[in-house]
Ligand SMILES: [Zn+2]
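Right, dumping it as C-alpha cells:
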C-alpha cells in the first residue's frame, strides 16, 4: 500500500482510472444528484480499488459484461470521508458505480429561486476544491490521479448546464427534462470537476471566450470582462500558447464562496466582481493564469498548494503590470501584503500553517486555507525572478511548463527542477526559509512605487490629523483608494468614519473590495449609519474573503457581537457550507 496524498484513500499501487464517464441526474426537489460513474482504466486490470466518497449513498458497483462486483464502505473519517473499496475480477477495463449525493454535500450548493438574480428558477453550482469532488462523484480524489472526462447531465427543461469541459450537444428527453453532454479531453485533477445548472445566457467576448450568467446580469458581465482576450494574449506571452482551447467564464449568484475558481474551460466568478468600472478584473487575470499554473502544472496534494497559488498571484501581477504599468502592480502587491499580514496574525498560534511546504496529515485543507500560500508563495517566485533576472526567469518558466505539463508535482520536484535549471538560485534567495520556516523571511522582496509610498505616508498621518485633499479624493483610482483605506488605523472613531464617508461616498460603492474594507472599518468603530449596509452585504454575499474580516470586525464590541450573531442566524441558511464554517470559526473566537 502506498498513499501519497494525506487527503485521499488513493493507493498508488492500485490501478488508476484514466477517464470518467458521468451520468448525472439533477433533482432540485430532493437536492441531490442521481449519479453513475464509469471509471475507465485504459487496460485490463484486477484486484482491489479504493475510491474516495463522502456522504454518498452507494447503490451498486459492476463491471460491464461481468455483472455486480463486491464493494464495501469503510469507517467515516471527518476529513476524508469513507473509503469505497471494490474488488475487480480479472480482465476489468472499467468499473461502474451507481450512487446518490447527500443534500448537504459540501461540493454542491442548491439555491432556491429567491437566492438567484432572477428569482424564478433554482440554481446549482459545485465547488470541488479543496477535497470535495468525493461528495459529488466516487473517485480517486487526489490531484495525482488526473482524469479526462465525459458527462451527460439531465436537468429540468428551461435550465442550462455548464461544466469545466467543452459542450458536446444537448437534447430534450421528452419527459420535461433536458440532457447536456460534455467532453474534457485533457487530464485534470478531480478538484477541477465542475458543474453549474441554472437559468443561464451567454455573450461572446472573443472567438475563444464567452461569459455566462443569469439573463439579468449577462450584459453587465459582458461589459465588465470585455478585456479578457487582451489578458489571454498577455498570459500567453508569459507562459506559452493557451492550452485549453476555450476560455469561458460563468458569473455565479452572490453566495459563491470564492472570488473565482479556475475550473478549466469555465472559470467560475463571484458577481462581486461586477463593480461597474472594470476595477476588479485582476481576479480574472488570476483565474486565467491558473490555466497554466495550477491546471496545466498542478500541486500533487494540498500540502503543495503554494505551487498553484504562489505562481498564479505572481502571474496575476505580471499581467496587471503589462496591462496597466508598474504603479498598478505595486498597488496589487500592497493589497497582497495586507492579506498576508492578516493571515500571519490569524495563524500566530499555528505557525506550522504559515510555511509553504505544509504537513496536513489529519488537518482539513479548508482549515489551513489562507493568503499565505498565495502571497508568501508569490514572494518566493518574485525573489527567484529578481535573482536570475526577468529574461532568464521567463525562459525558465516556459521550460517548467513544458517539463511538467498535465502532471501534478510536489515541492521537492519543483526544487529539483530549479536546481537543475537555475543552479544555486534556491540557496541564494534562502528558499528554505519560505518553504519550511514560519512567518516571512527578512530578505523577502519589498514592492514600492512613489504613488504607493505617498498613500502609505498619508494614511500613517491620519492620527496626526492629515487628510487627503479634495484634488486627491477626486483623482484616486479605485485601487489607490483601496490601498489608502487598508493602510488606515484599524480602530477609527465614529467622527473619523463620518469624515471618510462624507468625502469618499463609501456607502454606495459597487466595488466590493472598497465597500467591504470600508464596512470593516465602520464595524470596528461601531459606526451606526453603516449598519444597514453591513446587514445587506452579509445577508447577500457569501464570499469568504469578505465574511471573515467583516464578522471579525464586529467582534470588537459587545453590542456588535450581538448584531453579528443575529445577522448570521438569519443569513446562514443562504451561505455555502464552506462560508458557514468560516463564520462559525470567527464567531467562536469572539470573547465570551
Ligand atoms: Zn488561485
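Numbering (the working numbering), first residue to last: -8 to 583. Cβ coordinates follow ideal geometry from the N, Cα and C atoms, glycine included. Every value quoted in this text rests on a predicted model; they were computed, and no experiment measured them.
Taking C-beta atoms as the reference points, residue 219 and residue 115 fail to come closer than 9 Å.
Note that the C-beta distance between residue 28 and residue 87 is below 9 Å. By the criterion of a C-beta distance shorter than 6 Å, residue 133 is surrounded in its chain by -4, -1 and 1, once the five residues flanking it on both sides are discounted. Closest option to residue 203, judged by alpha-carbon separation, among 318, 563 and 153: 153.
In this structure, residue 278 lies near residue 251, with their beta-carbon atoms less than 9 Å apart. Residues of the same chain with a CB within less than 6 Å of the CB of residue 7, apart from the 5 flanking positions on each side, are 136 in chain order.
Annotation for residue 69: no beta strand (DSSP E) segment contains it, and DSSP assigns it neither H nor E. Taking every protein chain shown into account, the CB of residue 190 has 16 or more other CB atoms within 10 angstroms, so this residue is buried. Per the C-alpha coordinates, the member of 43, 94, 451 and 103 positioned closest to residue 23 is 94. In the same chain as residue 481, and ignoring 5 residues on each side of it, the C-beta atoms closer than 7 Å to its own belong to 515, in chain order. In the DSSP assignment, the residues bridged to residue 77 are 40 and 62.
Ligand 1 never approaches residue -2 closely enough for any of its heavy atoms to be under 8 Å from the residue's Cβ. By DSSP's assignment, residue 53 forms a beta bridge with 59 and 87. In the three-state DSSP reduction, residue 523 falls in the helix class (H, G or I). Its chain contains 197, 199, 200, 233, 238 and 279 as the residues whose beta carbon lies nearer than 8 Å to that of residue 223, once the 5 sequence neighbours on both sides are disregarded; these appear in chain order. By the neighbour-count criterion, in which a residue is buried when 16 or more other Cβ atoms sit within 10 angstroms of its Cβ, residue 487 is buried. Under a 10 Å Cβ-count criterion, residue 67 is classified as exposed, with fewer than 16 other Cβ atoms of the shown protein chains found around its own Cβ. Counting C-beta pairs closer than 8 Å gives three or more between the stretch 240 to 255 and the stretch 175 to 187, which meets the contact rule. Under the three-state reduction of DSSP, residue 14 is assigned to strand. Placement of the Cβ of residue 31 at a distance of 8 Å or more from every heavy atom of ligand 1 is found. DSSP assignment within the stretch 285 to 314 yields the following whole beta strand (DSSP E) runs of 3 residues or more, N-terminal first: 288 to 290. Going by beta carbons, residue 140 and residue 536 fall outside the 9 Å limit.
Looking at 235, 355, 155 and 550, the one whose alpha-carbon comes closest to that of residue 70 is 355. Straight-line spacing of the CA atoms in residue 564 and residue 406 works out to 44 Å. Cα atoms of residue 266 and residue 432: separation of roughly 36 Å, rounded to the nearest angstrom. DSSP lists no beta-bridge partner residue for residue 576.
By the 16-neighbour rule on beta-carbons within 10 angstroms, residue 175 is buried. Burial of residue 540 is indicated by the presence of at least 16 other C-beta atoms within 10 angstroms of its C-beta. Residue 275 has its CB no nearer than 8 Å to any heavy atom of ligand 1.
Remark: the C-beta of residue 299 is in contact range of ligand 1, defined as less than 8 Å to any heavy atom. Judged by DSSP in its simplified three-state form, residue 281 adopts coil rather than helix or strand. With fewer than three CB-CB distances shorter than 8 Å, the stretch 402 to 422 does not count as touching the stretch 322 to 335. Here residue 443 is not near residue 273, since their CB atoms are 9 Å or more apart. Using a cutoff of 8 Å, the CB of residue 281 counts as near ligand 1, since one of the ligand's heavy atoms is closer than that. Between the stretch 295 to 311 and the stretch 359 to 378, the count of C-beta pairs closer than 8 Å reaches three or more; the two stretches touch. Contact between residue 247 and residue 230 fails: their C-beta atoms lie close to 26 Å from each other, not under 8 Å.
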